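Shown next, in structure tokens, is the structure this report addresses.
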């Protein structure tokens with residue numbers, strides 16, 4: 059709660075989000091598949107990596123966009139897969155993804171969604187893995203957030219993350235609290 063309150067105090071984002079329509083809320087819930095854990099069996103020498111402040115880094119990236127206004131429901135007929143990274147908008151799509159083995163829930167960082175609702179990030183990863191994507195024939199089959207409906211992660215989270223990282227680096231009890239707050243905003 060303290061992290062959220064501090065975030066509200068320093069963020070450039072609106073203090074109160076727009077209310078979601080029932081349909082938009084339904085799509086967002088169906089696209090959520092939970093945390094992803096994936097590993098392959100391995101024996102041998104390994105290297106451990108630990109990225110300091112990775113979570114706040116992802117949140118506050120200039121490259122990340124976050125919806126701050128309602129998206130638009132659309133029915134699209136085609137997703138360009140030849141240059142998908144250039145044409146795929148920040149969206150949730152209702153699609154079928156082929157290539158899943160019956161017993162697999164995820165492969166190489168990609169989680170299959172039995173409901174068939176995937177974010178544009180999911181589709182980018184599916185394409186990188188060579189999975190076949192087919193749009194649903196239902197209407198609508200896309201919830202699209204145009205650039206005007208997004209705010210950059212930097213504008214939303216950078217001030218919050220920067221303050222807490224500085225406090226964390228100072229150490230002591232305040233540093234421990236700041237470290238906890240840096241991973242407590244989600245939820």
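In my numbering, the protein residues as written are 59 to 245.
Glycine residues also receive a C-beta, built at the ideal position from the N, C-alpha and C atoms.
For clarity, every value in this text was computed on a predicted model and none was experimentally measured.
Backbone secondary structure at residue i - three-state DSSP
i, result
"residue 124", "strand"
"residue 176", "strand"
"residue 137", "coil"
"residue 132", "strand"
"residue 184", "helix"
"residue 100", "coil"
"residue 13", "No information on residue 13 is available, as it lies outside the stretch 59 to 245 that the chain covers here."
Range covered by the beta strand (DSSP E) that runs through residue i
i, result
"residue 64", "Run containing residue 64: none in the beta strand (DSSP E); it sits in the alpha helix (DSSP H), 60–68."
"residue 112", "No beta strand (DSSP E) holds residue 112; the alpha helix (DSSP H) holding it covers 112–117."
"residue 192", "190–193"
"residue 203", "Neither: residue 203 is in no beta strand (DSSP E) and is coded neither H nor E."
"residue 170", "Counting along the chain, residue 170 falls outside any beta strand (DSSP E), and DSSP gives it neither H nor E."
"residue 151", "149–156"
Test item: CB-CB of residue i and residue j under 9 Å
i, j, result
"residue 130", "residue 156", "no"
"residue 304", "residue 74", "This structure does not reach residue 304, given that the chain is present from 59 up to 245, and the question cannot be answered."
"residue 223", "residue 240", "yes"
"residue 211", "residue 119", "yes"
"residue 102", "residue 169", "no"
"residue 124", "residue 200", "no"
"residue 151", "residue 178", "yes"
"residue 146", "residue 187", "no"
Bounding residues of the alpha helix (DSSP H) (the contiguous stretch that carries residue i)
i, result
"residue 82", "80–89"
"residue 232", "230–240"
Neighbourhood of residue i by C-beta distance below 8 Å, restricted to the same chain and skipping five residues each side
i, result
"residue 190", "155, 156 and 157"
"residue 69", "214, 215, 217 and 218"
Burial state of residue i, where buried means 16 or more other Cβ atoms lie within 10 Å
i, result
"residue 148", "buried"
"residue 100", "exposed"
"residue 94", "exposed"
"residue 175", "buried"
"residue 96", "exposed"
"residue 109", "exposed"
Close beta carbons around residue i, own chain, < 7 Å, minus the five adjacent residues each side
i, result
"residue 184", "155, 168 and 191"
Cutoff 6 Å; reference residue i; Cβ partners in own chain excluding five residues on either side
i, result
"residue 253", "The structure shown does not extend to residue 253, since the chain spans only 59 to 245, so no value can be given for it."
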